[in-house]
Amino acid sequence: MPERVEIFEMGPRDGLQNEKRAIPVAEKIALVDCLSRAGFRHIETASFVSPKWVPQMAGSGEVLAGIRRAEGVRYTALTPNLRGFEDALAAGADEVAIFASASEGFSRANINCSIAESLERFAPVAEAAAKAGVPMRGYVSCVTDCPYDGAVPPSEVARVAKALDGLGAYEVSLGDTIGQGTPASIRAMLEAVLAEIPAERLAGHYHDTAGRALANIEVSLEMGLRVFDAAVGGLGGCPYAPGAKGNVATEAVHDRLLSLGYETGLDRDVLDEAAAMARRMREG
Ligand code: HMG
Ligand code: MG
1 MPERVEIFEM GPRDGLQNEK RAIPVAEKIA LVDCLSRAGF RHIETASFVS PKWVPQMAGS
61 GEVLAGIRRA EGVRYTALTP NLRGFEDALA AGADEVAIFA SASEGFSRAN INCSIAESLE
121 RFAPVAEAAA KAGVPMRGYV SCVTDCPYDG AVPPSEVARV AKALDGLGAY EVSLGDTIGQ
181 GTPASIRAML EAVLAEIPAE RLAGHYHDTA GRALANIEVS LEMGLRVFDA AVGGLGGCPY
241 APGAKGNVAT EAVHDRLLSL GYETGLDRDV LDEAAAMARR MREG
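Going by UniProt numbering, the sequence shown opens with residue 1, and the numbers climb by one from there.
As structure tokens, this is what we get:
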């Protein structure tokens with residue numbers, strides 16, 4: 001039996017959050033419903049952030065209310081603070097995610113506070129998630145390069161990843177937010193993080209701006225990671241990371257994993273359908 005590698009689908013959240021056109025809730029629901037047939041265990045569906053900061057995610061509650069839930073799929077949501085967590089819980093998110101940065105410049109630009117302040121803000125979210133029995137994931141952004149501060153030291157990534165792990169994140173997803181990581185810089189970063197957290201509790205979240213995401217996934221596989229974030233059709237980008245292009249495309253990751261002898265549990269035909277839908281949404 002080939003070993004399974006999990007793809008954590010990002011399309012409806014990281015994929016769409018940067019789109020300029022106000023995408024109707026019904027289109028988002030249709031995309032999630034299509035993705036629900038593909039075999040994912042996780043679909044990032046919503047984001048309970050300030051609508052002033054990310055207008056595209058304003059209808060997140062309606063999206064969660066309108067989807068047809070498939071068995072075995074966790075519909076996840078970003079939660080930057082306690083208010084976001086409470087809204088996510090009320091809307092029926094199965095899992096939440098807190099998100100910090102390994103660089104001060106991006107932390108300020110994205111969530112308007114320092115790294116230390118963000119970790120303080122996440123503590124009550126972590127506490128509330130544990131109390132409610134809701135699984136919580138953690139993201140570290142800018143794990144190799146920051147659009148404001150330049151190269152990011154691996155030791156800083158390890159420090160922030162360890163802090164999220166310490167808050168109770170079941171998995172820490174390592175974000176190459178602007179897709180500038182290289183196999184060498186990803187390797188150096190992972191060596192530092194793996195000294196603190198085992199590979200079973202890490203994921204790779206690579207944007208494909210420079211076309212190196214698949215190579216970076218291969219290095220991460222060699223180092224033991226078995227979960228990767230991706231978005232159908234290569235949708236995406238972060239509004240506070242100038243130049244950030246899409247997440248690596250789910251269908252490309254799927255194909256590469258199969259060619260390397262892994263399995264993903266995903267239905268390629270449904271991925272194609274979802275990718276076509278995602279591209280139409282982008283074109284408007
Ligand atoms: P702030 O302005 O410092 O905080 O924002 P605030 O508490 O003063 O709130 C500002 C306004 O937002 C207030 O409204 C609040 O009520 C409201 P006003 O009084 O002005 O009318 N507000 C909220 N509304 C709805 N839901 C909430 C919420 N909280 C406050 N939860 C804040 C701080 C964190 C809220 C803001 O900076 C924010 O929402 N940032 C989110 C940015 C974001 O979503 N970025 C994209 C996701 S991260 C990403 O893509 C990277 C990732 O993919 C990994 C990678 O690639 O690296 C995960
Ligand atoms: Mg991202």
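Note that beta-carbon positions come from the ideal geometry of N, C-alpha and C, so glycine has one too. For clarity, every value in this text was computed on a predicted model and none was experimentally measured.
message = Given the structure, does Leu89 come close to the ligand HMG, in the sense that its CB is under 7 angstroms from one of the ligand's heavy atoms?
response = Answer for Leu89: no, Cβ out of range of the ligand HMG.
inquiry  = Closer than 7 angstroms to a non-hydrogen atom of the ligand MG - does that hold for the CB of Asp14?
reply    = Shortest gap from the CB of Asp14 to any heavy atom of the ligand MG: under 7 angstroms.
request  = Tell me His42's beta-bridge partners as DSSP assigns them.
outcome  = Looking at the DSSP output, His42 sits in a beta bridge with Arg74.
task = Use the C-beta contact count for Tyr206: other C-beta atoms within 10 angstroms, 16 or more gives buried, fewer gives exposed.
result = Residue burial is scored here from C-beta neighbours: Tyr206 has at least 16 other C-beta atoms within 10 angstroms and is therefore classed as buried.
query = Which residue spans inside the region 155–205 form an unbroken alpha helix (DSSP H) run of at least 4?
reply = Segments of the alpha helix (DSSP H) lying fully in the region 155–205: 183–194.
request  = Using the Cα positions of Glu156 and Pro2, report the straight-line distance between them to the nearest angstrom.
outcome  = Between Glu156 and Pro2, the C-alpha separation is close to 35 angstroms.
query = Helix, strand or coil: which one does DSSP assign to Phe8?
reply = Three-state DSSP puts Phe8 in a strand.
request  = Use the C-beta contact count for Leu260: other C-beta atoms within 10 angstroms, 16 or more gives buried, fewer gives exposed.
outcome  = Classification of Leu260: exposed, given that the 10 Å Cβ count is below 16.
ask   = Taking the beta strand (DSSP E) that Ile115 falls in, what are its first and last residues?
value = From DSSP, Ile115 is part of no beta strand (DSSP E) but of the alpha helix (DSSP H) over Ile115 to Ala132.
inquiry  = Pop quiz: Ile197 and Val172 are said to be a contact at Cβ under 8 angstroms. What is the actual Cβ separation, rounded to whole angstroms?
reply    = With a Cβ gap of about 6 angstroms, Ile197 and Val172 count as contacting.
task = Please state if the CB of Glu9 and the CB of Phe48 are separated by a distance shorter than 8 angstroms.
result = Going by C-beta atoms, Phe48 is not nearer than 8 angstroms to Glu9.
query = Who are Asn247's beta bridge partners in DSSP?
reply = Paired residue(s): His207.
query = Any heavy atom of the ligand MG closer than 7 angstroms to the Cβ of Asn110?
reply = For the ligand MG, not one heavy atom lies less than 7 angstroms from the Cβ of Asn110.
request  = Round the Cβ separation of Tyr75 and Arg68 to the nearest angstrom and send it over; I've been treating them as touching at under 8 angstroms.
outcome  = Beta-carbon to beta-carbon, Tyr75 and Arg68 are separated by about 11 angstroms, too far to satisfy the 8 angstroms threshold.
inquiry  = At a cut-off of 7 angstroms, would you count Asn18 as near the ligand MG, judging by its Cβ distance to the nearest heavy atom?
reply    = Not so, every heavy atom of the ligand MG lies at least 7 angstroms from the Cβ.
ask   = Is His42 near the ligand MG, in the sense that its beta carbon is under 7 angstroms from a heavy atom of that ligand?
value = Within 7 angstroms of the C-beta of His42 there is not a single heavy atom belonging to the ligand MG.
request  = Quick one: residues in its chain with C-beta nearer than 6 angstroms to the C-beta of Arg279, no 5 flanking neighbours on either side, listed in chain order?
outcome  = Around Arg279: Gly233.
task = Starting from the C-beta of Glu86, find all residues in its chain whose C-beta is less than 8 angstroms away, skip the five residues before and the five after it, and write them out in chain order.
result = Answer for Glu86: Ala128, listed in chain order.
task = Give the DSSP bridge partners of Glu263, in chain order.
result = According to DSSP, Glu263 shares a beta bridge with Arg4.
Residue interval of the beta strand (DSSP E) (run including Ile98) = Where Ile98 is concerned, the enclosing beta strand (DSSP E) starts and stops at Glu95 to Ser101.
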